[in-house]
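Residues 3 to 166 in this note's numbering are what the sequence shown spells out, letter by letter.
What follows is one structure encoded as structure tokens, with my remarks underneath.
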Amino acid sequence: MKKNFRLLISSLVEGRNKMSYSIPAENLALNKDIKILGNSDIELVILKSGDKLLVEGIIHFAAEINCAICGEKFVKEYYEPIKSEYIRQIPKIGAKTLLLGSDEVSRFYFQGETLDLLPLLHDTILLAIPLAPACQEECKGICPGCGVNLNLESCQCQKAWISN
Ligand SMILES: [Zn+2]
Ligand SMILES: [Zn+2]
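In structure tokens form, the structure reads like this:
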């Protein structure tokens, strides 16, 4: 299973490079609460200017997510912008520093002749999905009394609380 998404820097021209990819779900496996479904489509424009690369584009993906309130799975589609800057670093400083610039462009430092874009895609997906995702705006959750999903059915104990 390919667990990286490497771009050969020597394959880029100075200036504008347009590319599109379709990435299988298993390459984007994140954690147990978020499951990417099918292929994710990525459109990128990479502006190369010497040792500086500006990567901009969009990722389209569908994810199966566990609702933080009721625990049911739901599927949502996302179109998320991608924007990041890669700057070649002189080897002596040490590898893999991630700084978040004040201009909200994430900035990575790289060495060598390839760029692994997978960390950027992971960050983009994780930022798109809220920490406590809800299956719907007004998810009613699970009844603490009898455990039914109150989005799907109402229950007797809830009525009992109201009348008491
Ligand atoms: Zn829910
Ligand atoms: Zn109940």
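Note that CB positions come from ideal geometry on N, CA and C, so glycine has one too.
Notebook entry, point to check: Cβ of E74 versus every heavy atom of ligand 1: is any distance shorter than 7 Å?
Noted result: Because some heavy atom of ligand 1 lies under 7 Å away, the Cβ of E74 counts as near it: yes.
Notebook entry, point to check: Nearest to N74 by CA position, among L14, L128 and V150, is which residue?
Noted result: Contrary to the premise, residue 74 reads as Glu rather than Asn in this sequence. For E74, the nearest C-alpha among the options comes from V150.
Next item on the list: Tell whether a beta-carbon distance below 8 Å holds between E45 and I60.
Entry: yes
Notebook entry, point to check: Whole-angstrom Cβ separation of D35 and I67, contact assumed at under 8 Å?
Noted result: Their Cβ separation, rounded to whole angstroms, is 7 Å, which keeps D35 and I67 in contact under 8 Å.
Checklist line | Host beta strand (DSSP E) of D53 (start-end) | finding: Where D53 is concerned, there is no enclosing beta strand (DSSP E), given that its DSSP letter is neither H nor E.
Margin query: Less than 8 Å between C-beta atoms, sequence neighbours within five positions excluded: which residues of the same chain meet that for G84?
Written below: Contrary to the premise, residue 84 reads as Ile rather than Gly in this sequence. Around I84: I44, L46, V57, E58, G59, I60, I61, L122, L123 and T126.
Check: Straight-line CA distance for G143 to D118?
Finding: 40 Å
Next item on the list: For S12, name the three-state secondary structure that DSSP assigns.
Entry: helix
Item checked: E87 (DSSP reduced to helix, strand or coil) -> The three-state reading of DSSP puts E87 in strand, counting E and B together.
Margin query: Let me check understanding here. Comparing Cα to Cα, which of L152, F110 and F76 lies closest to A136?
Written below: The shortest Cα separation from A136 among L152, F110 and F76 belongs to F76.
Notebook entry, point to check: Looking only at C-alpha atoms, which of Y23, T116, L30 and Y81 sits nearest to L14?
Noted result: T116
Checklist line | G17 versus E155: straight-line alpha-carbon distance, rounded | finding: 58 Å
Check: What are the partner residues of K78, as DSSP defines its beta bridges?
Finding: DSSP output for K78 lists A65 as bridge partner(s).
Next item on the list: Give the secondary structure of D35 by DSSP, where H, G and I count as helix, E and B as strand, and everything else as coil.
Entry: coil
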